[in-house]
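Undergrad: Handing you a structure now.
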Amino acid sequence: MKLLVILVNRLAWLIPTVFGLMAITFAITHIIPADPVAAVIGENASPEQVAALKEKLGLDKPLVEQFVIYLTGLLRGDFGISLYTQRPISEDLFARVPATIELSVVTLFVAIAAGIPVGVISAVHRNSLLDHALRIFTVSGLAIASFWLAILFQLFFSMYLGWTPLQGRVDGWGPDPITGFFIVDALIIGDFEMLGDVLAHMVLPVLTMAYPAMATIVRFTRAGVLEAISSNFVMYESAMGFPRRVIIWKYVLRSALIGTVTQIGLIFGILIANSVVVETVFDWPGIGRYAVDSILNSDYNGVMGFAVFTGVIFILINALVDILHGLIDPRETR
Amino acid sequence: MTGDTLLRVSDLKVSFQTEAGSAKVLDGVNLTIGRGEILGLVGESGCGKSTLARSVLGILPKNAARITDGTILFDGENLLERNEAYLARVLRGRRISFVPQDPFSSFSPVFSIGDQFMELMKWKSPEITDAQAAARTILSSRYGRARRRRDAERVMEMLSAVQLPQPEAILRKYPHEVSGGQRQRLMIAMALLTEPELIIADEPTTALDVTIQAQILKLLKALAAERNVAVLFTTHDLGTAWEICDRIMVMYAGQDVEVAGSADFFARPNHPYTDRLLASLPGAEGGLQGIPGNIPGFVSPPGGCRFHPRCDLASDACRTTRPGVTALGSGHAVRCHHPLGTQFLKEAVT
Amino acid sequence: MTLEPPISRVATDRPETAKPILDVLSLRKYFPIRNAWGRRKGWLKAVDDVSFRVAKGEILGVVGESGCGKSTLGKTIMGIHQPSDGDTIFEGRSTANYDPGQARKLRRHLQYAYQDPGASLDPRWKIRRSLHEPMIIHQPELDRDQRAERVSEMMRAVNLPETHLDLYPHEISGGQQRRVGLARVLTLNPSLIILDEPTSGLDLSVQATILTLFMDLKRKFDLTYLFISHDLSIVRMICDRVAVMYLGKVVEIGDTEIIFSNPKHPYTRSLLSAVPTVGGRRVTDDFQLEGEPPNPGNMPSGCRFRTRCTMAQADCAKAEPPLRADWPGQSAACFLAE
Amino acid sequence: METIRFILRKFFEDKVALVGLVIITALVLVAIFAGVLATHPGDVSTFHPADRLQGPSLAHFFGTDRMGSDIFSRILFGARITITIAVISVGLSVLIGVPIGLLAGYYNGWFSDLLMRVSDIFLAVPQIVLAIAIAQTLGPAIENVILALSLTYWPFWTRLVYAETRACKNETFVEASVALGASPFRVIVLHILPNISSGIIVRTTLGMGSTILTAAVLGFLGLGPPAPSPEWGRTIAESRQYLPNAWWYATFPGLAIFMVVMGFNLLGDGLRDILDPRIRRSKSNDR
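Protein chains in written order, with our numbering: chain P, 538 to 871; chain D, 1454 to 1803; chain C, 34 to 371; chain V, 390 to 676.
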C-alpha cells in the first residue's frame, strides 16, 4: 500500500520537475543576455542575415510562444536541430546513449563491488592503520580532477607501458550493433576476441570514473556501518553470541545499505559529471563527448539538448532509486 | 540461596580508557548467584551495574575497557581465562542469555521478527551440543530442514508461554509493528528459547509503563521459577527489585556495598548508603530525604569506601581502606567500617 | 459535562484563600492523522474534552501512562500547542481569542518546566545567557545589572553556585539541569508552573532533593503547580489533588488521599495496583490488568477503557461515561462506579 | 574564548585537519604573493617561443608550456583565479541559499513549499550539467564561470539549511524559547543559526573543494577564462596535444588542483569532527 503511494508520489513529482528543468534551460538560452545568433554566424553578419537566421530558429516570436514551442518539441522527443551539424539533436543523442550507459553501468558495478567491502572493513577496523590508509585513498578520490586522472592513466598505462589501448571504444568497427552495448553484442555473437578488445578499451575509462564513485560509496558505507554498529541490536546480538561475521555482514550491512541506497542518485550525478570529461579524454563516443563537441562548435542547441537529456535521465534514476528504497526498507513499505 | 552456586564473581576490577585518564568503573566487586535464583543488582545510574552485567557476558567494548583483576566463575569455570570464540559460541546465548533494557532498538529494524528468531535458533538451538557449538566453522553452519522444523515448533511453544496472541502473525511482522510490551515479551521468549541457566536482564522494565511493567515482571518471575533459570536483574528501581528478587545487592560508584535477602534488605539495611537510598523513596517514613552531594567521578575516585564523602559516619579508616565483607548471617553481608546494625534498629524504634 | 466538586471540599492543608488560578474548560487538542497520501483520515484525540480547576496554592497532579495525553494537556494549557477547542482561563483571563504570541505575553506568570531541561537549554549558550533571556523578552525595561541581580537571586533559590552560570548545559548533571530549568522560569516571577515529568530520569537520591526543592520554592514564591507525572508514589506524596488520564480523557479526579485509598474508576484501580510497594504485597502475585492501551488514533466506542476493563458491560460501548462528581472530593467517569 | 582554544587544541590533535589547514593557508599566501614568489612573473602574458616545451629544470621548476612560458609561475598565478572563483561563487551561493533555507525551514506555508520545490528542481540535475549550459551561453570569462557556479549552487545550501532548520526547530530548546515568547527573529538568528552554523562551515569548506573541481572542468572544456589565462583546467586541456613527451605540462597543474581540493576536503573533514557538538558532548561525558 505504502509502496504504491511512494510510486505515485514520485511519478507525480516527476512532471513538475521535468517541466521545471525545461523552464530553466529555456531561461538560460532565452533570458540570459547573450546572442546565440551572433555566435553562429559571427560578429560581422549583416542585419538581414541575422534576421533571417532568427526567423529560421524561431527567435523572432514572443518569449511565451517560444517557450510553448520549445516545450511541445521536447515533449515529443524533439530536442531541436544542431546549429553545427544541422541534424536533429535527438538522433545524435540516442545514437550515443548506449556507449555512455555501458560505461556508467560497468563503472557503477566496479565501484559498488569494491566500495562496499572496503567501507565495511574500514568501519570495522575504525581508526586502525588500515582505516587511515583507506581514508587517505578515498579522500584523494574525491579531490582528484577526473580529466587529469584520465590523462595520467593514458600517459602511464597506454603511452608509457603500452598495456591498454589509448582511446576509443574498440579497435575497428566493433560488433554489429544489436543492443548497442558492445559487451552484450560481443557475447551474443560469441566473438570473444572482440569481447577482450572491448574490455581492454574499457579498463582505463572505467577505472577513472570508478575511483571517485567508489570513494563516495566507501564514505557512505563506512558512515552507515559505524552508525549501525553502535546501535543496540548489535549489542544484543553480541550478547546472545551471534557469530561476528553474521552480525556485521548480514545485520549491520543491511541496515547501513538501506540508509545509503538513496545516495546512488548522487553517485550517478558524479558519473554523469565525470563522463563529460572522461569521454573526451578517451574519445569515447557517448553523450558526454557529444556535449563537448557541441561546446567546441558553439552549438547552443546541442549543449541544451545534452542538458535536458541528461537532466531527465538523472531525474528518472533518482525516482527509481527512491522507489527501490521503498521496496527494500520494511519501515517504508509496511 | 537456592541450590548450589551458579555464578561467582570475585574481586572484579574493570577500567575504561578515557580522554581524561583511566576510569576505574568496577573496584573489586563480589557477587554470587545460585541456580534458579533471582538476584537484583540495584544502584543509581553510573554505579557500574551495567558494566558488571556486561563483564559477565564478556561484551565490554574491546578497545576501551580492560578487566584488570578478579575472576568470574560460571559453573566452576573461570570465564576470564576463556577465549572470545569459546565464550561467543558456547556460553553466550546458550548457557547465559540476555534481556536488554530497550526492546525496541534491540531488534534489527530491517528483518522480520520471525527471521530474527530463526537466526537465534540457527546458532543457539538447544539441540546443538556444546561440542558442536565449540567446533563451529564457517562451513558447518548449515541449517538442516529437520532441525529448522523442530526449532520452529519450539519458537511457537515459547511464544504462547510468554502469552503473545497470534504468534504466527507476530513472526511475520517487523519490530516497529508491535507494541513495547509485546517486544519485551519477545525478548524474554528469545532469552528462554535457548534453555539457558542464567539470564542477564539489564533494566528490562525501565522503558515500560507501570501496568505493562507489572505484566512483564509477573511473566519473568513465573517463567524463571518454572524453568529453574537464574536471573541477574539490574535495576535502579527498588520497588521493581522488591517485586521479583530473591536477594538484592546494592552497588555504589563501582563498589558492592551490601547484599541481603529481599525481605531482610528492606527491613534491616546496614550500609549507610542503602539506608539513605531507602529514605529517598517517595513515601519513606520520616519524610523525603535525598543524599546531598554527587556520585564521584571514576577517573580519580575517592579512596577507600567511595561513599565516604557523602557519608555522615565517615572516619579516617573509610578514607583510606576499602571495608572488607562483614557477614551478618542468613546471607546478609555488608562492606562498611561502621555498619548501622543494631544501633540503627534502636534509633528506628525510638 | 459534569462540573467539578466545589473547591471547599478539598483537603485541609489547602490555603484558606483557595480561589481558582486556572480554569480549564472543555479543552481539546486533536492532531490530524494522515494516510499515506497526506489526506486526513481521522483525528488523534490527544486531549479530549478535559475540564478542571486549579486553586491558587495547590498542587494538582496529572497522572497516566505514556500516550495518555498528559504532556499534550500541559503544552496546550501553556499555549505551546494551539487548542482545537475549549478555553483556559488563567488568573481570570481567557486566552481563547488571542493568537499564540499575544496569549504568551498575557501568560507571563504561567510557565512550563520541561521534562528534559538539558534539552530545553540552548546547547551553545552558557547558562547565564539562558537565564537572562526570559527577562530580555518580557521585561526589556530591566538593565543588565538588574537582570543579573535577579539571576543571582534565582540561582540561590535553586541552590546552585553562581560559578555554574559560566558553564554550558552539557557540563552539569541532570539534577543541576533541572535546577537551572526551574531558575529560568522563576525569573519571570510566575504564579503557576506546569511541571512536566519533573523527576523522570533522575536517580532516587537526586529525585528526593529536587522534590524538596519544589516544596521550598512553592512556599518561598507562593507558587501553584500542575504536576504532570507517571510516578504515582511521587504524586501521592506531594499533590493535593490528582487527575488520572486515560487516552486523552480525565477518568478520575479528586483529592489525592481519597483517590489513592478508594479509587472509583477501574483504570485507576489497575494503575494503583501496578505500583510496586516496598515491603507491601507483591504486584506480581495478584496483578490482573491484561493487554495494552488501544491505538489512540482508533479509539473504541463508548468508554475508552472498556476493552481492558474486567467490569465492562454492553452499555459501556454505547456512550462515553461522563465525569460524575458523586462522591465527596472525588469524580469518576464510569457508569459502574458506586 | 575557551571555545576557540578548544578548537585550536583539537586542530593540533587532529593531524589530518592540520595538514588541510596548512595547505589552504599556503594556497592563500601563494595567491596573494604570486607576483613575489613566481620565478617568471611576466609569463602570464608574455611568451618565449624559443623556450617552448622544455622539461623541468632549475630555470623552470615545472618546465615550460607551448608558448615557452614558465609553468611554475603560471600555476602560482592560476591559484589567484582558482581562489577568486571558489570564494566568490561559494560566497554568493551561501548568501543566497542560507537565508532562503532558514526562512523556508522556520515557516510553514505555500511559499516555503514553493521555494523548496524550485531548489529541488535545480538539485534534480547534476550541477555540472546546468553549469555547462549557463557558461556556454554566457561565453568564456571568469565572471561567467562565477555566475554559472553560483546560479547552480545556491539550491544546495537552501536544501541543507532547510533540513537543518527543520530539525533544529523540533529541538526542545527552540520550542522552549518560543514558549517563553521569543520573536521569530530572535529564535532564528540567536538560536537556530548558531546551532546549525557548524554544519554550514563544514559544508562551505567541502564546497570550496568541489567548486574548484567543477571550475577546473569548465576550464578544461574551454568554458573558463580564455587564453592566455593560466587557469589550471585550461592548461591541462592545452597540454593534451603535447603528450606523452611534455608530461610535466599536464602533471603539475593537475597536481595543484589535487593538492588544493585535498586541502579543503581534509580541512572540512577535520572541522566536522571538531565542530560537531554531539561529539564534543559525548567526549566530555565519557566515563
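Heads up, the beta-carbon is just placed ideally off N, CA and C, and yes, glycines get one too.
Fair warning: this is a prediction, and the values are worked out from it, not measured in the lab.
Are there 16 or more other CB atoms within 10 angstroms of the CB of Q209/C, so buried, or fewer, so exposed?
TA: Q209/C comes out buried.
Undergrad: G705/P: which of I784/P, V743/P, F843/P sits nearest, CA to CA?
TA: Cα-wise, what sits closest to G705/P is V743/P.
Undergrad: Kindly indicate which three-state DSSP category A639/V falls into: helix, strand or coil?
TA: If DSSP states are grouped into helix, strand and coil, A639/V belongs with the helices.
Undergrad: On the premise that H171/C lies in contact with R211/C, defined as a C-beta separation below 8 Å, what is that separation, rounded to the nearest angstrom?
TA: Contact doesn't hold; Cβ gap of about 22 Å is too wide.
Undergrad: Is it true that the CB of D1464/D sits closer than 8 Å to the CB of G1481/D?
TA: The answer is yes: Cβ separation under 8 Å.
Undergrad: So does A1667/D have its beta carbon nearer than 7 Å to some heavy atom of the ligand PLP?
TA: Within the structure as shown, the ligand PLP is missing, as the structure has no ligands at all.
Undergrad: Which residues in chain P sit within 8 Å of I1443/D, going by Cβ to Cβ distance?
TA: With chain D covering 1454 to 1803 only, the question about residue 1443/D has no answer from this structure.
Undergrad: State the DSSP-derived secondary structure class of D662/V, mapped to helix, strand or coil.
TA: Of the three classes helix, strand and coil, the one that applies to D662/V here is helix, per DSSP.
Undergrad: Just checking my contact of N769/P with G617/P at CB under 8 Å: how many whole Å lie between their CB atoms?
TA: Actually they do not touch by this definition, with Cβ atoms about 57 Å apart.
Undergrad: Against chain P, which members of the stretch 629-663 of chain V pass a CB distance test of less than 9 Å?
TA: Answer in chain order: R629, L632, P633, W636, A639, T640, P642, G643, L644, I646, F647, M648, V649, V650, M651, G652, F653, N654, L655, D658.
Undergrad: With 16 other CB atoms within 10 Å as the buried threshold, where does A513/V fall?
TA: So A513/V ends up on the buried side.
Undergrad: P329/C: which of D359/C, M278/C, A352/C sits nearest, CA to CA?
TA: Cα-wise, what sits closest to P329/C is M278/C.
Undergrad: Since I believe R555/V is in contact with G652/V (beta carbons under 8 Å), could you give me their beta-carbon distance rounded to a whole number of angstroms?
TA: Contact flag wrong, Cβ pair sits at about 32 Å.
Undergrad: For the alpha helix (DSSP H) that V483/V lies in, which residues bound it at each end?
TA: Counting along the chain, the alpha helix (DSSP H) containing V483/V begins and ends at 460-495.
Undergrad: Can you confirm whether A44/C, when its beta carbon is compared against all beta carbons of chain D, has any partner nearer than 8 Å?
TA: With a pLDDT of only 39 at A44/C, under the threshold of 50, the placement of this residue in the model should not be trusted; the figure read from the coordinates follows. Chain D, which has no Cβ nearer than 8 Å to the Cβ of A44/C, makes this no.
Undergrad: If distances are taken between C-alpha atoms only, which option among G611/V, F451/V, K404/V, T435/V comes closest to W636/V?
TA: Here the closest residue by C-alpha is F451/V.
Undergrad: Judging by CA-CA distance, which residue of L1646/D, A1660/D, E1621/D, M1643/D is the nearest neighbour of G1634/D?
TA: Checked all of L1646/D, A1660/D, E1621/D, M1643/D; the closest Cα to G1634/D is A1660/D.
Undergrad: In terms of residues, what are the limits of the alpha helix (DSSP H) holding Y748/P?
TA: 729-766 is the extent of the alpha helix (DSSP H) around Y748/P.
Undergrad: Taking DSSP as the reference, what is the three-state secondary structure of G596/V?
TA: Reduced to three states, the DSSP call for G596/V is helix.
Undergrad: Rounded to whole angstroms, what's the CA-CA distance from W621/V to I464/V? Just pull it up for me.
TA: When rounded, the distance between both Cα atoms is 7 Å.
Undergrad: For the 8 Å Cβ check, are there 3 or more pairs between the stretch 86-99 of chain C and the stretch 254-268 of chain C?
TA: Taking 8 Å as the limit for Cβ pairs, the verdict is that the stretch 254-268 of chain C does touch the stretch 86-99 of chain C.
Undergrad: Would you list the one or two residues that DSSP bridges to R189/C?
TA: DSSP, once it has assigned bridges, lists no residue as partnering R189/C.
Undergrad: Does the structure place the stretch 1494-1501 of chain D close enough to the stretch 1517-1534 of chain D that three or more beta carbon pairs sit under 8 Å?
TA: Not touching, per the Cβ criterion.
Undergrad: So the candidates are H1724/D, R1700/D, G1707/D, M1704/D; which of them puts its Cα closest to the Cα of A1713/D?
TA: Minimum Cα distance to A1713/D is reached at R1700/D.
Undergrad: To the nearest angstrom, how far is the alpha carbon of A626/V from that of L644/V?
TA: Using only the alpha carbons, I get a separation of about 14 Å.
Undergrad: Output yes or no for whether 8 Å exceeds the beta carbon distance between V550/V and G467/V.
TA: For V550/V and G467/V, no; Cβs fall outside 8 Å.
Undergrad: Return the chain-ordered list of same chain residues with a C-beta closer than 8 Å to the C-beta of I585/V, the five sequence neighbours on each side being excluded.
TA: The residues are V550, E553, T554, C557.
Undergrad: What beta strand (DSSP E) runs, 3 residues minimum, are completely inside the stretch 1653-1740 of chain D?
TA: Fully enclosed beta strand (DSSP E) runs of 3 or longer: 1683-1688, 1700-1705, 1708-1714.
Undergrad: DSSP state of L280/C, grouped into three classes?
TA: Coil.
Undergrad: Flag I1665/D as yes if its beta-carbon sits less than 8 Å from any beta-carbon of chain C, otherwise no.
TA: So, interface residue.
Undergrad: In this structure, does DSSP put E1530/D in helix, strand or coil?
TA: If DSSP states are grouped into helix, strand and coil, E1530/D belongs with the strands.
Undergrad: When you compare each of G1489/D, L1672/D, I1744/D to R1680/D by their alpha carbons, which one comes out closest?
TA: Among G1489/D, L1672/D, I1744/D, the Cα nearest to that of R1680/D is on G1489/D.
Undergrad: Check each candidate in P65/C, G107/C, L369/C and name the one with the smallest Cα separation from I227/C.
TA: Ranking P65/C, G107/C, L369/C by Cα distance to I227/C puts G107/C first.
Undergrad: Give the range of the beta strand (DSSP E) segment to which S1463/D is assigned.
TA: Where S1463/D is concerned, the enclosing beta strand (DSSP E) stretches over 1458-1471.
Undergrad: Quick one: any contact between the stretch 750-757 of chain P and the stretch 1532-1541 of chain D, if contact means 3 or more CB pairs under 8 Å?
TA: Cβ pair count under 8 Å is below three, so no.
Undergrad: Indicate the three-state DSSP secondary structure (helix, strand or coil) for Y201/C in the structure shown.
TA: In this structure, Y201/C counts as coil in the three-state DSSP scheme.
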